[in-house]
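In my numbering, the protein residues as written are 8 to 146. Quick reminder that beta carbons are idealized off the backbone N, C-alpha and C, glycines included.
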Amino acid sequence: MMFNKKNIWITLFFSIFSIALGFAQDRNRFQAIENEKIAYITKELDLTPKEAQQFFPLYNEYSQTLWDIRREKLNGAPKNSFRGRSRDVLQYDAKEVQIKKEYRAKFAKVIGSARASQFFEVEQEFREHLYKSLQNRRK
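What follows is the structure, encoded as structure tokens:
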């Protein structure tokens with residue numbers, strides 16, 4: 008088969024289209040998981056519609072802050088610098104704990120102290136539920 012400019016452009020177009028379709032599918036899967044998580048948290052914490060309306064913007068802020076810290080932990084600092092010093096993983100873990108404490112106080116203003124503390128357990132339960140369902144799909 009002879010490749011000319013037209014064939015190259017067609018191949019390039021379909022390659023880019025395939026990559027974009029893959030990203031869209033990943034985004035849709037992620038959004039489906041997020042929707043499932045919101046439903047799970049709402050049910051387990053027994054949130055009223057008014058509480059949910061106030062809680063989830065805080066939750067999204069909390070979630071984004073944790074993602075930023077985790078991304079920084081994984082990518083931001085070199086594992087070993089040229090001077091032989093390594094990144095302090097405990098420092099990142101301490102930041103995560105501090106963020107959780109701060110948001111527990113913010114959540115408590117919306118849903119009360121007991122449910123604000125329970126939230127972290129519910130969040131962990133959802134992760135375990137998600138992990139188990141992914142494991143079951145692979146079998």
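- Beyond the five residues adjoining it in sequence on each side, isoleucine 40 comes within less than 8 Å, by CB distance, of Leu137 in the same chain, given in chain order.
- Between valine 117 and leucine 65, the CB-CB gap stays under 8 Å.
- Linking arginine 78 to glutamate 68 through their CA atoms gives a straight-line distance of about 15 Å.
- Straight-line spacing of the CA atoms in alanine 101 and phenylalanine 133 works out to 23 Å.
- For lysine 116, the enclosing alpha helix (DSSP H) has its first and last residue at 96 to 118.
- Secondary structure note for leucine 65: its alpha helix (DSSP H) is the uninterrupted segment 56 to 78.
- Judged by DSSP in its simplified three-state form, lysine 50 adopts helix.
- Annotation for threonine 55: no residue places its beta carbon closer than 7 Å to its own, counting only its chain and skipping 5 residues before and after.
- The beta carbon of threonine 49 sits closer than 6 Å to the beta carbons of Ala59 from its chain, once the five residues preceding and following it are set aside; these are given in chain order.
- Note that the C-beta distance between serine 124 and arginine 144 is not below 8 Å.
- Lysine 107 and leucine 81 have their alpha carbons spaced roughly 19 Å apart.
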